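One structure is given here, and the rest of the page talks about it.
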Amino acid sequence: MKRLAATLAGLMLIGTSGAALAAASAATGPVLLPSVQSSPAIGSPMSATVMPLRDLGYREDEMIVRGTAGRYRIVHPMQDAQPIDTGHPYATRVLVRRPADAARFNGTVIVEWLNVSLDQDIDFVFGATRELLVREGYAWVGVSVQRNGVAALQRWNPQRYAALAVSAPNTDPATGRDIDPPDPQIMAVGGDVLAWDIFSQVGQLARTASNGLLGGLQARRLIAAAESQSTLKVSTYYNSIQPLHGVYDGFLLYDRSGPLRTDVPAKTIAVGTEIFTALMGYAPQPDTDHQRWWEINGASHFSLDEIAGYVDPMLQRDGTFRDTQGQALSLTALTRSKGPCSPDTIYSRVPNGDVLKAALKSLDGWIAGGPAPTRTPRFVVDEQQRYVRDASGQVLGGIRTAAQDAPIATNAGIGSGPWFCGPSGYHVDLSPAQLCQRYGSHANYVSRVQAIVRANVLDGVLLPEEARKTLDDARTQTFACPS
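When you line the sequence shown up against mature numbering (1 follows the signal peptide of the UniProt record, and there is no 0), it's residues -22 to -1, 1 to 461, in that order.
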């Protein structure tokens, strides 16, 4: 059988063009290293962090990365990609956040495929894990991989981003069909035929200390990261490109991923919320010796903390979205304007980011030779893959946090209404009277939170730093109950 396969492969190469032959050779050879230069000093970077990095001993730099990339044909989403050709020039922007003092660098670089569901690069993974990253000396690289993200940069500042170009013909010369067809289900416009190679090349660049991307830092571990629409793109990368290039040591997939091959050795954690299992119609696959699938009970697609504390201020500052009076809109205001969302207190209080931080730190240690991350309970579904719920309407199973099991609000991972109302979920804060009815006293509430965070830390789904913050927040809650 192997001999027949080799013969057929040889026959397929007979009569192919020189470019295709070169592409076939390059696909499994060394990944090309692009060049790096600073962005033009015209204005400031779009999607720059709103975190006060300088006060935290970090710096942010925006770079222009130039190179040539190949196109790939993905015949089956669970198989290696087929190279089409090489040599397509591109230039894209890369954001880099790293310790200002090289001695603080912990050796791990997170390379995030920036999300473009809103037609603007958004660093959802950084936003969710930001405290851990700066606390423990990670470097982070955000890559503008997709065409609509680059187009948004050029609309926002045409002079600063004039040189960017990530397009190449989307027609497969062998079949006449789209190489990267649009997919409305994941808000993907299609045509991102160079994205796979660009993501490999920037990853390889981050691994190489001498090129200036990371200011001379030497990476020891490289983790690819993505959220939502980008996660579905990166799961395709994992299945079809990672086996060819082998650039990344691990993958952190935030809500959640398509099906993953089990023969790709890179260690992986996929963290899901309630919305994606409902949308996809199937539960995550079983854990393996190098894959973990976590699901967070009561979690919306993005949580209140990461939106209110990070994404909203960034979008308002950049002013990408505006109302009829020209006022800049946050994601929260934009979602409500396209509603109505019911209720309009969107986003769950369940802290996705706290669980994601634990997942990232576990993954990093796993890659370094430490213990595997914990296996966690899954959501309970019936034979039709529908959630099984308790009498109060909560989904059974999953990771149970204090926000869900010692709540100050009713949380829902799935909301009601158009556009992002559904994925945003919601929270409805409990009144002091309701809190007293539930807990009897503030001291009882704090004790309940303390018990849950201790269990979460022991289970490996919460870090001690986030446990302390959760407990401190519980202590500052102000409600007094009649004696």
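Where is the CB? At the ideal position from N, CA and C, for every residue including glycine.
This one's a predicted model, so the numbers in the text were calculated from it and none came from an experiment.
| Item | Value |
| --- | --- |
| Residue from Gln455, Thr313, Pro12 and Trp397 whose Cα sits closest to the Cα of Asp175 | Pro12 |
| Buried/exposed call for His54, threshold 16 Cβ in 10 Å | exposed |
| Thr310, buried or exposed, once every other Cβ within 10 Å from all chains shown has been counted against 16 | buried |
| DSSP three-state assignment for Gln415, whether helix, strand or coil | helix |
| Contacts around Thr266, its chain only, beta-carbon distance under 7 Å, and the 5 residues preceding and following it disregarded | Thr240 |
| DSSP-derived helix/strand/coil call for Ala(-1) | Residue placement at Ala(-1) cannot be trusted, given a pLDDT of 42 that sits under 50; what the coordinates show is reported in the next sentence. Helix. |
| Contact with chain C by Pro318, beta-carbon distance below 8 Å | You won't find chain C in this structure, because it holds only one protein chain. |
| Proximity to Phe357 [Cα-Cα], best of Pro264, Glu443, Gly85 and Ala146 | Pro264 |
| Exposure label - Glu361; buried when at least 16 CB within 10 Å | exposed |
| Inter-residue CB distance, Gly403 and Tyr325 (contact presumed, cutoff 8 Å) | 6 Å |
| Cut-off 7 Å between Cβ atoms - residues of its own chain near Phe254, not counting five sequence neighbours on either side | Asp233 and Arg234 |
| Beta bridge counterpart(s) of Tyr404 as assigned by DSSP | Ile324 and Ala390 |
| Per DSSP, the bridge partner or partners of Pro67 | Thr46 |
| In DSSP terms, what Gly317 is bridged to | Answer by DSSP bridge pairing: none, since Gly317 is not bridged. |
| For Ile430, the first and last residue of its enclosing alpha helix (DSSP H) | His420 to Asp437 |
| Residue burial classification, Ser16 (beta-carbon count within 10 angstroms, cutoff 16) | exposed |
| CB-CB length for Ile345 against Gly228, believed under 8 Å | 5 Å |
| Environment of Thr388 [buried if 16+ CB atoms lie within 10 Å] | buried |
| Residue range of the alpha helix (DSSP H) that includes Ala203 | Note, Ala203: premise wrong, no alpha helix (DSSP H); beta strand (DSSP E) at Arg199 to Glu205. |
| Residues of its chain near Val112, where Cβ-Cβ distance is below 6 Å and the 5 sequence neighbours each way are ignored | Leu34 and Tyr36 |
| Helix, strand or coil at Ile62 according to DSSP, with G and I counted as helix | strand |
| Residues bridged to Leu73 [DSSP beta-bridge criterion] | Glu40 and Gly120 |
| Expected contact under 8 Å - CB spacing of Asp296 and Trp91 to nearest Å | Not confirmed; about 19 Å, so no contact. |
| Backbone secondary structure at Arg300 - three-state DSSP | strand |
| Touch test, the segment 56 to 68 against the segment 313 to 322, Cβ-Cβ under 8 Å, three pairs minimum | no |
| One or two residues paired with Asn93 in a DSSP bridge | Ile100 |
| Identity of the residue in Arg138, Leu210 and Phe177 nearest Ile201 by Cα | Phe177 |
| Cβ shell of Ala(-1) (< 7 Å), same chain only, five flanking positions each side left out | For Ala(-1), the predicted model reports a pLDDT of 42, less than 50, meaning its position is unreliable; a value from the coordinates is still stated below. Thr64. |
| Extent of the continuous beta strand (DSSP E) run through Trp272 | Gln269 to Glu273 |
| Which of helix, strand or coil DSSP assigns to Val28 | coil |
| Buried versus exposed call for Ile62 [16 or more other C-beta atoms within 10 Å across all chains shown] | buried |
| Neighbourhood of Pro442 by C-beta, 8 Å cutoff - its chain only, sequence neighbours within 5 removed | Val435 |
| Cα-Cα separation between Thr(-16) and Pro160, rounded to whole angstroms | Confidence is the limiting factor: at Thr(-16) the pLDDT is only 29, short of 50, which leaves the residue's position unreliable and the question unanswerable from this model. |
| Beta-carbon contacts of residue 474 that lie in its chain and below 8 Å, excluding the five residues immediately before and after | The question about residue 474 has no answer, for the chain in this structure spans -22 to 461. |
| Ile20 versus Ala452 - alpha carbon distance | 45 Å |
| Arg49 versus Ser145: straight-line alpha-carbon distance, rounded | 11 Å |
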